[in-house]
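Chains as they are written, first to last, in the numbering used here: chain A, 1 to 355; chain B, 356 to 710.
Down below is the structure, laid out as structure tokens.
Number of protein chains: 2
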Amino acid sequence: MSDRLTIALDAMGGDQAPRMVLRGANLARKRHPQVEFLVFGREQDVQPYLSKLKKLRQVTTLVHCDDVVSDSEKPSTALRNGRNSSMRQAIQAVRDGKADGVVSAGNTGALMAMSKMVLKMLPGIDRPAIASFFPTQVGESVMLDLGANVQCDAQNLVDFAILGNAFSRTVLGTMEPSYGLLNVGAEERKGHEALWEARDRLKELELPGRFHGFIEGDDIAKGTVDVIVTDGFTGNVALKAAEGTAKLISSYLRSTFKSSIFAQLGYLLARRAMQKLRKRTDPRRYNGAMFLGLNGIAVKSHGGTDPVGFANAIGVAVDLARGGFLDRIRADLGQLDRTAGPARNGNSSAQAVAG
Amino acid sequence: MSDRLTIALDAMGGDQAPRMVLRGANLARKRHPQVEFLVFGREQDVQPYLSKLKKLRQVTTLVHCDDVVSDSEKPSTALRNGRNSSMRQAIQAVRDGKADGVVSAGNTGALMAMSKMVLKMLPGIDRPAIASFFPTQVGESVMLDLGANVQCDAQNLVDFAILGNAFSRTVLGTMEPSYGLLNVGAEERKGHEALWEARDRLKELELPGRFHGFIEGDDIAKGTVDVIVTDGFTGNVALKAAEGTAKLISSYLRSTFKSSIFAQLGYLLARRAMQKLRKRTDPRRYNGAMFLGLNGIAVKSHGGTDPVGFANAIGVAVDLARGGFLDRIRADLGQLDRTAGPARNGNSSAQAVAG
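Set out below in structure tokens:
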């Protein structure tokens, strides 16, 4: 791979698409001068925005697609009918080696199903997982799965640990990552059987870094481990519970600073520091959920994001591609020689969570 | 029941017991002048603190118990060996009609197992659930289960909805509570089968108030519903993820106000408002988890709390007793005529989460 990277963008996904997507690409262009874009979308909708962004135009190829996958579309319908959609074409560009990764802010379930069908899974991995960064007391952690797999068996959890571990080493640069299984207590027999079995297998596997065993919900923000492994149901609820709490405290804080003239003056004095805090806790900073386990790089942006958030999602794809995540995980999977492991559970009724 | 209430206290539970328990009782005495206390514990340990609190002594009867249930004890061991423990004796006081409710900051699993054995379940309810208040954008909600039942079937979830609904009407004073099932999306087929079945049954049951269907993790802090129903695994993780996030933002805020001289001055000006905010988000305010579904009132205080937090847990027991929660829920269960419902699942492998 040369220093240059190409990122495929689904211009039609997201509440404010395609304008938000193109403006986001333009911001990402400034941050990542080595990146070129392959933009997929309806020419008549995309061209008016692209033509206004002269510098972006110079590094962008627009590919016309007739169809758009709507947010309400079922993944199965999108798979059948969406062959000419911007989403599908963008994913195919990755499969065909024309792009190093794809970013879409469209229908999560459809993006997951299409990515799985077009890019296929990495050898030995059953299901893709959705992963994202979390801010913590000590830096950043990654958590997976955040909603791709509502029910998981022990082997799925082990796979997620392998994926998260490789991710942490390539993108977070943590060469000896600590990793743990999210549970309701640290003791031996807390939780359910899949967790106990996953713990026993992870103890045997000895991935790089340190296996912490079980962690609890408050360990996420504490930063107790670099990689938090959980099923998609629990991960999704934990992520959204944390987001809801952050919003609640922000609204408390706003009303606090409006509650008296002294508080208002205090806010004015502390304004610059507060702006830094706002920047630090800006949810756009953590936009860009990665689909790990696929034989290719696919990143899902939040549908309601703005250009700043979308540019961050592009940044995630760039980091994955530049860090050589796929090569690393392929090497890891080869070394683990998992073909010798227990027979795989054939159940793949993965159910994606539409964001 | 006269206006006077008696609360049984396990003086030996909690990191700072028995001092913390007695000081907490003394604070609660000031807030609830109609309450008397039955305090269970080792006389030689309790008496030195009680003798210093003259006014508390006037409304307190100390009952000596030789044994103490330790935090590390397994619930099964505590059941076998803890007959003369302060915890067991305090629970028995409720069963024998000597107290209107019991409060303990001791071993959660043991307290749950003993309460279930001694107080028994309400007719038609299979398992107790742990419930607690949550602050929201619009006030307060109650969530259950928070960890008593790691795996739940549809009927357990329905039972939790019935319990939470009665609770909301008696203690929160919300006569038409809204209630919802915690899931990973609002759509018909999100999540797993137990949730779909519970939703269908709740639609038929038509409890007082409004059934909202499925809610998501961010709806907890939004206050979308008054009663959040979930299994103990998900509820425990969501609760702790929210607590962890709140602590993370507090620590960000502290470092923000220290980051420059202007921010420090700003803090000084806004100090009174910030103190109100701190009061509002004080975790001690939400101390006191209720064990619902039992034929008696039992409240678990956080083991690491201080007298202020313990007094709040006592307040929760007082509110439950005074609000007539047990009468209300018995009337509800009678009206529902659940004996005509589907056969109960006999699986009661409830597993308590030690707090």
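Even glycine gets a Cβ: it sits at the ideal position worked out from N, Cα and C.
Residue i, DSSP secondary structure in three states
i	result
valine 394 (chain B)	strand
glycine 180 (chain A)	strand
serine 440 (chain B)	strand
leucine 562 (chain B)	coil
glycine 369 (chain B)	coil
methionine 175 (chain A)	coil
valine 505 (chain B)	coil
threonine 579 (chain B)	coil
isoleucine 297 (chain A)	coil
alanine 270 (chain A)	coil
glutamate 495 (chain B)	strand
alanine 166 (chain A)	helix
alanine 186 (chain A)	coil
glycine 568 (chain B)	strand
Chain A within 9 Å of residue i, Cβ atoms only
i	result
valine 505 (chain B)	yes
proline 697 (chain B)	Confidence at proline 697 (chain B) is low in this model, with a pLDDT of 45, below 50, so its placement is unreliable and the value that follows should be read with caution. No, because no Cβ of chain A sits closer than 9 Å to the Cβ of proline 697 (chain B).
tyrosine 641 (chain B)	no
serine 703 (chain B)	Its pLDDT being 38, under 50, serine 703 (chain B) is placed unreliably by the model, and the measurement read from it follows with that caveat. No, no contact with chain A.
phenylalanine 488 (chain B)	no
alanine 709 (chain B)	Annotation note: pLDDT 39 at alanine 709 (chain B) (below 50); position unreliable, coordinate value reported separately. Yes - at least one Cβ of chain A is within 9 Å of the one on alanine 709 (chain B).
glutamate 598 (chain B)	yes
glutamate 571 (chain B)	yes
lysine 595 (chain B)	yes
Cβ-based neighbour list, residue i, same chain, cut-off 8 Å, excluding 5 preceding and 5 following
i	result
arginine 384 (chain B)	Val390, Phe392, Lys410, Leu411, Val414
tyrosine 622 (chain B)	Phe612, Met629
CB contact below 9 Å: residue i versus chain B
i	result
glutamine 34 (chain A)	no
lysine 203 (chain A)	no
isoleucine 395 (chain A)	The displayed coordinates of chain A run from 1 to 355. Any statement about residue 395 (chain A) would go beyond what the structure contains.
glutamine 137 (chain A)	yes
methionine 114 (chain A)	no
valine 225 (chain A)	no
methionine 274 (chain A)	yes
isoleucine 91 (chain A)	no
glycine 266 (chain A)	yes
alanine 246 (chain A)	yes
glycine 324 (chain A)	no
glutamine 351 (chain A)	Residue confidence is low: glutamine 351 (chain A) scores 44 on pLDDT, short of 50, so the model does not pin down where it sits. No coordinate-derived value is stated.
Enclosing beta strand (DSSP E) for residue i [first to last residue]
i	result
serine 132 (chain A)	129 to 136
arginine 640 (chain B)	Element bounds for arginine 640 (chain B): n/a, residue is neither H nor E.
lysine 228 (chain A)	Reading the sequence as shown, one finds isoleucine at residue 228 (chain A) and not lysine. Counting along the chain, the beta strand (DSSP E) containing isoleucine 228 (chain A) begins and ends at 227 to 229.
serine 425 (chain B)	Unbroken run through serine 425 (chain B): none, as it is neither H nor E.
methionine 121 (chain A)	Run containing methionine 121 (chain A): none; DSSP gives neither H nor E here.
serine 104 (chain A)	101 to 104
alanine 644 (chain B)	644 to 647
Close-in-space but distant-in-sequence residues of the same chain around residue i (CB under 7 Å, 5 per side omitted)
i	result
alanine 99 (chain A)	Thr6, Ile7, Ala8, Leu38, Ala93
glycine 679 (chain B)	Thr525
proline 123 (chain A)	Leu333
isoleucine 329 (chain A)	Leu122, Leu163, Ala166
proline 18 (chain A)	Ala11, Met12, Gly41, Asp45, Val46, Tyr49
lysine 558 (chain B)	Phe566
lysine 577 (chain B)	Thr491, Gln492
arginine 285 (chain A)	Asn312
Residue i: contacting residues in chain E (beta-carbon distance under 9 Å)
i	result
glutamate 140 (chain A)	As a matter of chain content, chain E is missing from the structure shown, whose protein chains are A and B.
Neighbourhood of residue i by C-beta distance below 6 Å, restricted to the same chain and skipping five residues each side
i	result
alanine 298 (chain A)	Val102, Ser115, Phe291
alanine 672 (chain B)	Ile362, Gly456, Val458, Ile652, Val654
histidine 419 (chain B)	Glu398
aspartate 514 (chain B)	Ile480
glutamine 371 (chain B)	none
phenylalanine 588 (chain B)	Val505
leucine 294 (chain A)	Ser115, Leu119, Pro128
alanine 311 (chain A)	Gly24, Leu27, Ala28
Range of the contiguous alpha helix (DSSP H) that encloses residue i
i	result
leucine 691 (chain B)	680 to 691
glutamate 316 (chain A)	It should be noted that the sequence gives valine, not glutamate, for residue 316 (chain A). First-last of the alpha helix (DSSP H) with valine 316 (chain A): 307 to 322.
alanine 383 (chain B)	374 to 386
leucine 411 (chain B)	409 to 413
lysine 240 (chain A)	232 to 257
Tell me whether the region 484 to 499 of chain B and the region 240 to 252 of chain A touch, counting them as touching only if at least three CB pairs, one residue from each stretch, are closer than 8 Å. yes
Is it a yes or a no for the region 607 to 626 of chain B touching the region 257 to 274 of chain A, going by three-plus beta-carbon pairs under 8 Å? yes
Indicate whether the contact test is met: 3 or more Cβ pairs, each with one atom in the region 79 to 91 of chain A and one in the region 10 to 21 of chain A, closer than 8 Å. yes
Count the CB pairs spanning the region 500 to 515 of chain B and the region 661 to 672 of chain B that are closer than 8 Å, and state whether there are at least three. no
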